[in-house]
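One structure is given here, and the rest of the page talks about it.
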DNA sequence: CTGAAAGCGCTTACAG
DNA sequence: CTGAAAGCGCTTACAG
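Protein chains in written order, with our numbering: chain A, 7 to 354; chain B, 7 to 354.
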């Protein structure tokens, strides 16, 4: 029976060790760690060096005990999609643990925002992460304001002014995708629009329109069909598009669920994708690669967004009471991921 | 400009408050909190009452600082599916935060188990959560053993003996689903099997066989088709089944991805689901409800499993060095979720 | 079965 | 710009 080694992370170095090594007091080390003012540059350098040499990492428990400030961050979610949620969670968790903050996750049921928010508040959070589409909810924003808590929107390109936000430029991404389709030779591109209560839906449509007009392609209103971001709505939308007297040679769906549905419809009609019809999506969810052929789509760096959102939120919390920062906006790069659902239009 | 209220969770009660209220020392309160021995029952009751009255909750930071035991729990994942992962994450996060443990999440790339594990070890985790199928990896189990770390398998019904595990009874669930199909009137039920390196695959097949034999239905080998849990493999499997001279009236796929593919194939062949063909899955992933018609499937309580796995792991860590507990097994209830992809067989 | 003392590693006032 | 002291809320030996 193998006896378990005692592997307690042997005597991690403390603030005292660093102080001794640098020839200063613990107080000064603390100042350096916390980016405090009033440290001569030479002193600061010596401390930083000592930290490096001793491989020192502050003990978070001691930190929060002493400062009586545990840094609890709330994350409200609404399950738009599991893939999206898990990325938000992964990024948020990673950054929170690095920053020594605790992440408290609450589900927000459709018409019970108040309850979720109250649970969050009573658990003592110092700020809230709001992944889209929750950041577009007026009720939530108002509540946040009343509670006096800072919030950061994730994956929202057009959030309320009261919020700091991080996201991609949805319009630019949709424009890039449309340009890609145009380059392949497509001229009749069907567009499946998202629901009007999602800020992203309008922006994606706008990007599509812009690319078209840039290349001098006249827009044909019959090529725009309304969807609601659900797979089921994509079924109807694609059917409508492919029933047109002059059907499109490519379908650009505003999200992957609807694009996956478009592929299903094409197959049912005996059309090969991408030989007979090109279908592209948006979001790069798990569905994009479970479906056959895998979808060409736009990927948002969701976990990076979440990571950065945590940093921004912590800054906001630490700075508190100061000027109520006027909602910073941060844009991250998207990626066009080309897989196997796109190709040139069929030669007639 | 609304000034932020100072809402620091006003003077939460401490162990001292409780001690005073109960007329004992802080030490005794600590014993009660930690289920320590040597407390007279009457004393314990008084303390519990005081805790209730004062709404006392131990300060985790102080706790881990004092005990120099921060309780870090590692979670290794391998992205089988985002839905599964997010449930594991949600449950694990919830329970860890309740127990004052920190959750450290690491991704384990296909052939780089060693790296992921080393990162986990160097981050100082005290134990590891292993969601299926990672708990079936010999490399990981060996590493865990060498590191002397306790581990708990999640959603595994047939894990290694060295591990504690929590899961559902896959065979019983598959049997229940098959019985359900039989009750609807089906007699020719096609079965799409999972990959042989997944413990669950064999168990699910076994459950299917058992139900059949219980009802005295002869098994027809042509009705068993090999799949690999991917959507793409489901396409081929369903094609094979539906090309049979005497095709099945129902297809039971071992997971939702393959079931979704079966629906796609049926549609492509002009078959209506469920009127002409019943299709059921297993797992209740997001795909089950994005596809049309939504899938009848088996749901595992993944987030509950994850929650309990955390509790078990913490017990294991606290108990350490003691008898190396011989791998407890915990079975949770599954649910058969009936949606719209099943019905009686077509009348001929 | 119960308690008084010391200390975990940091930060917060307060001095200089 | 820097430091000595006290204390955050708990637990760990150690006594009784």
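The C-beta atom is built at its ideal place from N, Cα and C for all residues, glycine as well.
### Task
Report all residues from its chain with a CB closer than 6 Å to the CB of residue 116 (chain A); omit the five preceding and five following residues, and keep chain order.
For the purposes of this step, residue 116 (chain A) is taken as the residue at position 110 of the first chain. Nothing listed; no residue qualifies.
### Proximal residues, the region 235 to 266 of chain B versus chain A, C-beta separation under 7 Å
237, 238, 241 and 263
### Query
Does residue 273 (chain B) get closer than 7 Å to chain A when you measure Cβ to Cβ?
Taking the second chain and counting its residues from 1, the one referred to as residue 273 (chain B) is at position 267. Output row for residue 273 (chain B): interface = yes.
### Task
Note down, in chain order, all residues in the region 97 to 116 of chain B with a beta-carbon under 9 Å from any beta-carbon belonging to chain A.
99, 100, 103, 108, 109, 110, 111 and 113
### Task
For residue 133 (chain A), name the three-state secondary structure that DSSP assigns.
Within the first chain, residue 133 (chain A) is the residue found at index 127, counting from 1. Reduced to three states, the DSSP call for residue 133 (chain A) is strand.
### Task
Would you mind sorting residue 354 (chain A) into buried or exposed? The rule is 16 or more other CB atoms within 10 Å of its CB.
Start at 1 with the first residue of the first chain, and residue 354 (chain A) comes out as number 348. Burial call: exposed.
#### Entry: Per-residue contacts from residue 71 (chain B) into chain A (C-beta, under 8 Å)
In the second chain, residue 71 (chain B) corresponds to position 65, counting from 1. By Cβ distance, chain A contributes 65, 67, 68 and 71.
### Query
Comparing the C-beta of residue 312 (chain A) with each C-beta of chain B, is any distance below 7 Å?
By 1-based counting over the first chain, the position of residue 312 (chain A) is 306. Residue 312 (chain A) does not count as touching chain B.
### Message
Distance check for residue 93 (chain A) and residue 89 (chain B), CA to CA, integer angstroms please.
### Response
Counted from its first residue, the second chain places residue 89 (chain B) at position 83. Counted from its first residue, the first chain places residue 93 (chain A) at position 87. If you take the alpha carbons of residue 89 (chain B) and residue 93 (chain A), they lie about 11 Å apart.
### Query
Are residue 280 (chain A) and residue 196 (chain A) touching if we call contact CB-CB under 7 Å?
The residue given as residue 280 (chain A) occupies position 274 in the first chain. The residue given as residue 196 (chain A) occupies position 190 in the first chain. Cβ atoms of residue 280 (chain A) and residue 196 (chain A): not closer than 7 Å.
### Query
Can you give the Cα-Cα distance for residue 310 (chain A) and residue 170 (chain A), rounded to whole angstroms?
What you label residue 310 (chain A) is simply residue 304 of the first chain in a count that begins at 1. What you label residue 170 (chain A) is simply residue 164 of the first chain in a count that begins at 1. Going from the Cα of residue 310 (chain A) to the Cα of residue 170 (chain A) covers about 16 Å.
### Query
Mind checking if residue 309 (chain A) is an interface residue toward chain B, Cβ cutoff 7 Å exclusive?
The count along the first chain starts at 1 and reaches residue 309 (chain A) at position 303. For residue 309 (chain A), the answer is no, since every Cβ of chain B falls outside 7 Å of its Cβ.
### Task
Just the C-alpha distance for residue 137 (chain B) and residue 40 (chain B), rounded to the nearest angstrom, thanks.
Residue mapping note: residue 137 (chain B) aligns to position 131 of the second chain, counting from 1. Residue mapping note: residue 40 (chain B) aligns to position 34 of the second chain, counting from 1. So the two alpha carbons sit approximately 28 Å from each other.
### Query
So, is residue 225 (chain A) buried or exposed, given that buried needs 16 or more other C-beta atoms within 10 angstroms?
On the first chain, position 219 is the one that residue 225 (chain A) refers to. When all chains shown are included, residue 225 (chain A) counts as exposed.
### Query
Would you say residue 298 (chain A) reaches chain B, if we count a Cβ-Cβ gap shorter than 7 Å as a contact?
In the first chain, residue 298 (chain A) corresponds to position 292, counting from 1. Chain B contact via Cβ: present.
### Query
Can you tell me whether DSSP reads residue 153 (chain A) as helix, strand or coil?
On the first chain, residue 153 (chain A) is found 147 positions in, with the first residue counted as 1. Three-state result, residue 153 (chain A): helix.
### Query
Name the chain A residues whose beta carbon is nearer than 8 Å to that of residue 161 (chain B)?
Numbered from 1 along the second chain, position 155 holds the residue referred to as residue 161 (chain B). Going along chain A, no residue has its Cβ under 8 Å from residue 161 (chain B), so there is no contact; the nearest lies around 15 Å.
### Task
May I have the straight-line CA-CA distance separating residue 193 (chain B) from residue 252 (chain B), to the nearest angstrom?
Sequence index remark: in the second chain, residue 193 (chain B) carries index 187 (1-based). Sequence index remark: in the second chain, residue 252 (chain B) carries index 246 (1-based). Residue 193 (chain B) and residue 252 (chain B): Cα-Cα distance of roughly 12 Å.
### Task
Could you tell me whether the Cβ of residue 95 (chain B) comes closer than 7 Å to any Cβ of chain A?
Translated into the one-based positions of the second chain, residue 95 (chain B) becomes position 89. Yes, residue 95 (chain B) lies at the interface with chain A (some Cβ there is under 7 Å from its Cβ).
### Query
Near residue 328 (chain A), which residues of its chain fall below 6 Å by C-beta distance, leaving aside the five closest residues on each side in sequence?
In the first chain, counting from the first residue as 1, residue 328 (chain A) sits at position 322. The predicted position of residue 328 (chain A) is uncertain, since its pLDDT is 47 and thus under 50; a value taken from the coordinates is nonetheless stated next. Closer than 6 Å at Cβ, skipping near neighbours: no residue.
### Residues bridged to residue 6 (chain B) (per DSSP)
No answer is possible for residue 6 (chain B): the residues shown for chain B start at 7 and end at 354.
### Task
Can you grab the Cα-Cα spacing for the pair residue 323 (chain A) / residue 107 (chain A), in whole Å?
On the first chain, residue 323 (chain A) is found 317 positions in, with the first residue counted as 1. On the first chain, residue 107 (chain A) is found 101 positions in, with the first residue counted as 1. Going from the Cα of residue 323 (chain A) to the Cα of residue 107 (chain A) covers about 11 Å.
#### Entry: Where residue 44 (chain A) falls, given that 16 or more other Cβ within 10 Å makes a residue buried
As a working mapping, residue 44 (chain A) is identified with position 38 in the first chain. It counts as exposed.
### 8 Å contact criterion, which residue 96 (chain A) and residue 285 (chain B) should meet: CB distance rounded
Residue 96 (chain A) sits at position 90 when you count from the first residue of the first chain. Residue 285 (chain B) sits at position 279 when you count from the first residue of the second chain. About 32 Å separates the two Cβ atoms, so there is no contact after all.
### Task
Tell me where the alpha helix (DSSP H) around residue 179 (chain A) begins and ends.
Position 173 of the first chain, counted from the first residue, corresponds to residue 179 (chain A). Taken as a continuous stretch (DSSP letters only), the alpha helix (DSSP H) holding residue 179 (chain A) covers 176 to 190.
### Task
For chain B, find out if any of its Cβ atoms is closer than 7 Å to the Cβ of residue 206 (chain A); answer yes or no.
Sequence index remark: in the first chain, residue 206 (chain A) carries index 200 (1-based). Judged by the 7 Å Cβ criterion, residue 206 (chain A) is not in contact with chain B.
### CA-to-CA distance, residue 172 (chain B) to residue 320 (chain B), given in whole angstroms
Numbered from its first residue, the second chain carries residue 320 (chain B) at position 314. Numbered from its first residue, the second chain carries residue 172 (chain B) at position 166. So the two alpha carbons sit approximately 14 Å from each other.
### Query
Taking 7 Å as the CB-CB cut-off, is residue 92 (chain B) touching chain A?
Mapped onto the second chain, residue 92 (chain B) falls at position 86. Yes, residue 92 (chain B) lies at the interface with chain A (some Cβ there is under 7 Å from its Cβ).
### Query
So residue 27 (chain B) and residue 77 (chain B) are in contact, right, with Cβ under 8 Å, and what is the actual spacing, rounded?
To locate residue 27 (chain B), count along the second chain from 1; it is residue 21. To locate residue 77 (chain B), count along the second chain from 1; it is residue 71. 28 Å between Cβ atoms; not a contact.
### Delimiting residues of the alpha helix (DSSP H) encompassing residue 73 (chain B)
Along the second chain, read from residue 1 onward, the residue named residue 73 (chain B) stands at position 67. Counting along the chain, the alpha helix (DSSP H) containing residue 73 (chain B) begins and ends at 66 to 73.
### Query
From the beta carbon of residue 88 (chain A), is the nearest beta carbon of chain B less than 7 Å away?
Taking the first residue of the first chain as position 1, residue 88 (chain A) is located at position 82. True, the Cβ-Cβ gap to chain B drops below 7 Å.
### Query
For residue 232 (chain A), which residues of its own chain have a beta-carbon under 6 Å away from its beta-carbon, when the five flanking residues on both sides are left out?
Counting from 1 along the first chain, the entry for residue 232 (chain A) is found at position 226. Here the set comprises 199.
### Query
Taking any Cβ of chain B, which residues in the region 275 to 294 of chain A have a Cβ under 9 Å from it, in chain order?
276, 291, 292 and 293
### Task
Assign residue 133 (chain B) to one of two classes, buried (16 or more other C-beta atoms within 10 Å of its C-beta) or exposed (fewer than that).
Stepping through the second chain from its first residue, residue 133 (chain B) is reached at position 127. Residue 133 (chain B) comes out buried.
### Task
Please state if the CB of residue 242 (chain B) and the CB of residue 301 (chain B) are separated by a distance shorter than 7 Å.
The sequence position of residue 301 (chain B) within the second chain is 295, counting from 1. The sequence position of residue 242 (chain B) within the second chain is 236, counting from 1. For residue 301 (chain B) and residue 242 (chain B), no; Cβs fall outside 7 Å.
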